[in-house]
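Shown next, in structure tokens, is the structure this report addresses.
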Amino acid sequence: MTIALEKHDDKHKYYTDQFTINGKRVDVRKNRNSKQVEAWMDGIWKPITKEDVDKQYRIQFEYSPYELEFSYNGGKTWWTYTDDKYMTDSERAYFKKEIAFFENWELEQRIEEEERKANDPAYQEWLAEQYEEWLAHEEEYYRSQSNSKLTSYVDIPDVFKRDEESAGENPPSVEPYYRKYFEINGNQKKFQPIWYGKDILDQHMKCFSDGTFLYRYDQGVYVNDGERHLEQLSVTLLDNEFRHSRIKEARYYIEAQSYIAGTQMNLLDDYINVKNGLLNWKTGELREHTPERRSTIQFPVLYDPTANDPAMLQFIESVLEQDTHATLFEMIGYFLIPTLEYEKIFLFTGTGSNGKSVLIKTIEAMIGKANISKVKIQDLEGDRSRFKIAELYGKVLNCFTDIPADALNSTGNLKVLASGEGLNAEKKGKDPFNFEPFCKLLFSANELPKSSDNSDGFFRRLTVFPFTRKFTDQQKDTKLIHKLTTPSALSTLLNYALEGLRRLEQQGGFSYSQTITEQVKTYQMESDTIMLFIDEVCQLESEASKQHESRIECKRLYTMYSAWCKQGGFKPEMIIRFNKHIKTKLKDKVYQKKARITSGNSVPCWFGIKI
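So, in structure tokens, the structure goes:
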């Protein structure tokens, strides 16, 4: 197939109305519902009357369009783009496919050219000069043309009384306020997604793309509803010319033009985004919000350095041991910064009615629902964990209350999530992507799940807060959560968190708490499935009975351990680690050597232990 571009000499014309209001040229339309005349001013359609208008112009636009021509059957047959009514069905199907291919190719070329120009400072400077010159001389230019180009009316006529008027030739049905998004070719019009996308970026939406979401600026923060907002905006801007396919093409351009790398978002510097500005957490300086800061995280709390609501500290003192308070405030401060430098996973534990759920709700109120994901700890491991991990993207906290006691059969992802190393994730129906998380992990449970990983490498990452108090129905304050989430109380909690964050940085780590240290050790011991099996199923010989040493075949003991693990929902350790662990933990009580259990060959046995 051959494609040719042929310039036609015959010119096509159509007419549109513009007004001058307060010395400024504006597009006008007649609202189809209210029948009221409206002008496009300050980014919206505003109703106007005759008295508002200084002048009305009728502008005649002339086009010498380019037309696509195609050759078929090796050049024997030629058709123009508009001649499909003379084609056979097979030819029509063929050209429909080829035209679609050409239009896509043409769009890609335009996008590439626009991207090149956008990154060319010299071109951008030249473009700005041309635009300023055009603005300055637009009125003079139109007045210098012949009467066929511009006609000035003394009286404000028909647009207030009529719908659209035919102007000699049949004009294409493009309303004045969105005609700038279409290329007019005779009686044909073609939507130009690049023109539309540029207008969105320049006039209607501060936004950027990180390759996953389209974010738009709204009240000091970029929110990830840019795609939905673009569609809503397009319904207004394009009116009856709205098509999903058109918005999709424009979105591709907008995302390409506004793309920034993840490292340019949520900068790890001295500032955090709060409701009333950008706060320097080291100095307490508060600056105004600015769209130049690509922040997708804003905490819905006001910074007030004088806030000191006594209800907050009274509550914390009533539910946690005194030596855990400093660590708690350091933890909340750690939630405020986009880094996982300190490599911690946080757990609240204790039976019900002890205040841990109220404390978590209070923390969530300060952090904000938009900045929190809700994935239980067990779902972060396993074959389908990549879908759940994707929910942590762009969040500062993953918080799940009352996690089940189901055992953790692996901890690989948890350790990576605690340290901020790169992860692969996937949103359903979309391509997998890699990201470096900064989302902290906080869970609460009446009973902590057993872990198959009993290594110090895992447990040193844990910070476990025990909630040992028990509140009766008479002691419960049903309005407590409302008292703790007032603006004053949350500002107080923010001040405690900032103090904790500064202390965390100064110390280079979390404050020591004997209560927390002992709780982690207890949890590690309770997660040791090998020693739990020994305690529950086996019996160790006392020193007095060692003259009649008990023995059991090593293989049989491990088989019983594996069955016990499966019955309890635990993942059994490998036999090599099982034997090594027993040697290490029970080295003064049991030993291993070969012995004959029955008539036969000697086999490895454990001595000093029996079932």
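Following our numbering, the numbering of the sequence shown begins with 400 at its first residue and continues without gaps.
All C-beta atoms, glycine included, are put in the ideal place defined by N, C-alpha and C.
Remember, it's a predicted structure, so these values are computed and weren't measured experimentally.
In this structure, G732 keeps its C-beta atom at 8 Å or more from the C-beta atom of A888. The three-state reading of DSSP puts S843 in strand, counting E and B together. Just so you know, the alpha carbons of G754 and E763 end up roughly 14 Å apart.
In the DSSP assignment, I420 forms a beta bridge with K423. When Cβ pairs closer than 8 Å are counted between the two stretches, the stretch 728–746 is seen to touch the stretch 799–819, the count reaching three or more.
Along the length of the stretch 807–888, whole beta strand (DSSP E) runs at least 3 residues long occupy 822–824, 832–834, 839–844 and 861–865, reported in chain order. Assignment of beta-bridge partners to R902 by DSSP yields no partner. Three or more pairs of CB atoms, one per stretch, sit closer than 8 Å, so the stretch 658–672 contacts the stretch 607–624. A direct Cα-to-Cα measurement between V774 and S809 gives close to 16 Å. Ranking N584, R642, S657 and E640 by CA distance to the CA of F612 puts S657 first.
For Q991, the enclosing beta strand (DSSP E) begins and ends at Y990 to A994.
Around the beta carbon of T867, fewer than 16 other beta carbons lie within 10 angstroms, which makes this residue exposed. Contact between A817 and E742 holds, since their C-beta atoms are separated by about 5 Å, short of 8 Å.
If you look at Q656, you'll find it in the alpha helix (DSSP H) that goes H643 to S657.
Counting only the Cα atoms, Q435 lies some 16 Å from T635.
It is roughly 12 Å from the alpha-carbon of Q697 to the alpha-carbon of T689. Nearest to L840 by C-alpha distance, out of P831, R902, T916 and L796, is L796.
Residue environment for S843: buried (at least 16 other C-beta atoms within 10 angstroms of its C-beta). In this structure, the CA atom of I759 is about 39 Å from the CA atom of I653.
Using a Cβ distance threshold of 8 Å, Y595 and K605 do not count as a contacting pair. The bridge partners DSSP lists for I744 are L840 and L861.
A655 and E514 have their C-alpha atoms spaced approximately 8 Å apart. Within 10 angstroms of the beta-carbon of T761 lie 16 or more other beta-carbons, which makes it buried. DSSP places R950 inside the beta strand (DSSP E), whose first and last residues are R950 to E952. In the same chain as K445, and ignoring 5 residues on each side of it, the C-beta atoms closer than 7 Å to its own belong to E437 and A438, in chain order. Per DSSP, the beta-bridge partners of D617 are V620. One alpha carbon belongs to D609, the other to D601, and they sit about 19 Å apart.
For H980, same chain residues with a beta-carbon under 6 Å away, outside a window of 5 residues either side, are I929 in chain order.
Shortest Cα-Cα distance from M730 to any of M440, N812 and L900 involves L900. DSSP lists V673 as the beta-bridge partner residues of G676. Taking the Cβ atoms as the reference, K814 lies roughly 6 Å from F857, within the contact range of under 8 Å. According to the DSSP assignment, P592 belongs to the alpha helix (DSSP H) that extends over P592 to D598. M604 carries a coil assignment under DSSP once its states are collapsed to helix, strand and coil.
Between the alpha carbons of F590 and K829 lies a distance of about 28 Å. Cβ neighbours of T884 within its own chain (closer than 7 Å, five residues either side excluded): T761 and A764. Going by beta carbons, S949 and K1009 fall inside the 8 Å limit.
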